[in-house]
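To start, the structure itself, in structure tokens.
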Amino acid sequence: EVQLLESGGGLIQPGRSLRLSCEASGFIFSSYAMSWVRQAPGKGLEWVSTVAASGTYTYYADSVKGRFTVSRDNSKNTLYLQMDRLRAEDTAVYYCAKYTGRGGFDSWGQGTLATVS
Amino acid sequence: QSALTQPPSASGSPGQSVTISCTGTSGDIGAYTYVTWYQQYPGKAPKLMIYDVNQRPSGVPDRFSGSKSGNTASLTVSGLQAEDEADYYCGSYAGGNNFVVFGGGTKLTVL
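One line per chain: the protein sequences are A and B, in this order. First residue of the first sequence? That's 26 in our numbering, and the numbers climb one at a time after it. First residue of the second sequence? That's 113 in our numbering, and the numbers climb one at a time after it.
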């Protein structure tokens, strides 16, 4: 069974940094691209970032480009999201998701809430 | 402002069918057969219900079906059940800088 467990969320002041982690189990982590998707309170889903299985290629939404950095450690089955220069509009539940490679996400973590205030 | 447009709400009585639309552009839904649908209960993570326009992951009831015509995708839920009451989001691969785009979500109410 695929399990994704996010951590690292919390209350942080604007302009500061936060690092989210996602521990994966139940599948061959190093074989799959992984993504972060966020959901602001009461709002819809927003794709944030995707990293290729090898970690070589990364993709970002325009709203976070230049401020967020996605990375992974395949030896630890862990995905990361380094969030710098945080803004109030970055407040959201951040989900770690396993990317299908065809625009979809077939497994999701429970999410971690980051509040910028 | 979400990239894909969904109606904010939809409803139907138990046993009925309901269809939720999702309108995009020639750069996302119209360009690829990579449309997805997710079900989300309050306070829970989304769950993949449909991928590749009309494919169901293992374990998703066949009451859920998807289709696409031009720049518009649709999710149909047949034989509505109480447990189908949830928020539904569409998504599409968009390539380039946008990568993946989502709709704003539709709240499905079972009357």
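C-beta: ideal position from N, C-alpha, C; glycine also. None of these values were measured; they are calculated from a predicted model.
- Inter-residue distance for S88/A and K219/B is about 26 Å (C-alpha atoms, whole angstroms).
- Every beta strand (DSSP E) stretch that sits fully inside the segment 121–147 of chain B and reaches 3 residues is listed by chain position as 121–124, 130–135.
- For G178/B, the enclosing beta strand (DSSP E) covers residues 176–181.
- Per the coordinates, the alpha-carbon of Q135/A lies some 22 Å from the alpha-carbon of S42/A.
- Looking at the DSSP output, R44/A sits in a beta bridge with Q107/A.
- For V189/B, the closest alpha carbon among the candidates N210/B, S133/B, G139/B is that of S133/B.
- The beta carbon of W61/A sits no closer than 8 Å to any beta carbon of chain B.
- Using beta-carbon distances, G129/A counts as an interface residue toward chain B, with a partner under 8 Å.
- For the segment 162–180 of chain B, the set of positions with a beta-carbon nearer than 8 Å to some beta-carbon of chain A reads Y163, D164, P169 in chain order.
- Excluding five sequence positions before and after D140/B, the CB atoms of its chain that fall closer than 6 Å to its own CB belong to S204, A206, V213, given in chain order.
- For Y200/B, not one C-beta of chain A is nearer than 8 Å to its own C-beta.
- Between Y84/A and S96/A, the CB-CB gap reaches or exceeds 8 Å.
- Residue pairing by DSSP places K159/B opposite Q151/B in a beta bridge.
- In the three-state reduction of the DSSP assignment, S55/A falls in the helix class.
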